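Novice: Please find one structure pasted underneath; my questions will follow.
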Amino acid sequence: GICEGYATLFYELCKASNIKCEMVAGFADNDEKKVVQRKQSKTFASNHAWNKVFIDDEWLFIDVTWASSGKYDGKRTKPVGYNPTYFLVSEKKLYTDHVVNFKQSIQRNALIGNHN
């Protein structure tokens, strides 16, 4: 999907710039109930991809898709301009509406040869 493409491109840009980066697979939604359900579940299907980068001795998160110029309203994507909410944020801040699927994230990084 689109998010996988954005996350892969961002990963490759970081790799070319010698910035430690990983792909993250998981679930993302603006619906708090859906996010809480996924956090409480041991297994769930991923619907989204984003990245984490290691900068200044800490991991920060970037969702290039959600930071881009569109916002999905459940029916279509509306142009809204750049959204800094999802650029270089802490784990705590990002995971209000994102949930990591650790198994799929490990598999995804192995596929691209990223064994950090």
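The letter at position 66 of the sequence shown is residue 50 when you use this note's numbering, and the numbering goes up by one with no holes.
Even glycine gets a Cβ: it sits at the ideal position worked out from N, Cα and C.
Note that this is a predicted model, so its numbers are computed, not measured.
(1) Use the C-beta contact count for residue 46: other C-beta atoms within 10 angstroms, 16 or more gives buried, fewer gives exposed.
(2) In terms of residues, what are the limits of the alpha helix (DSSP H) holding residue 35?
(3) Among -13, 48, 43, 95, whose alpha-carbon lies nearest the alpha-carbon of residue 66?
(4) So, at 6 Å on beta carbons, what are the nonlocal neighbours of residue 31 in its own chain, with the 5 sequence-adjacent residues on each side left out?
(5) For residue -6, does the count of other Cβ atoms within 10 angstroms reach 16, so buried, or fall short, so exposed?
(6) Any idea which residues DSSP pairs residue 10 with across the strands?
Specialist: With the structure as the only source:
(1) Residue 46 sits at position 62 when you count from the first residue of the sequence shown. Buried, since its Cβ has 16 or more Cβ neighbours within 10 Å.
(2) Here the question's residue 35 lines up with position 51 in the sequence shown. Element bounds for residue 35: not the alpha helix (DSSP H) but the beta strand (DSSP E), 32 to 39.
(3) Indexing the sequence shown from 1 puts residue 66 at position 82. The option with the nearest alpha carbon to residue 66 is 48.
(4) As a position in the sequence shown, residue 31 is number 47, starting the count at 1. 11, listed in sequence order.
(5) Within the sequence shown, residue -6 is the residue found at index 10, counting from 1. So residue -6 ends up on the buried side.
(6) Residue numbering aside, residue 10 sits at position 26 when the sequence shown is read from its first letter. DSSP lists 32, 84 as partners of residue 10.
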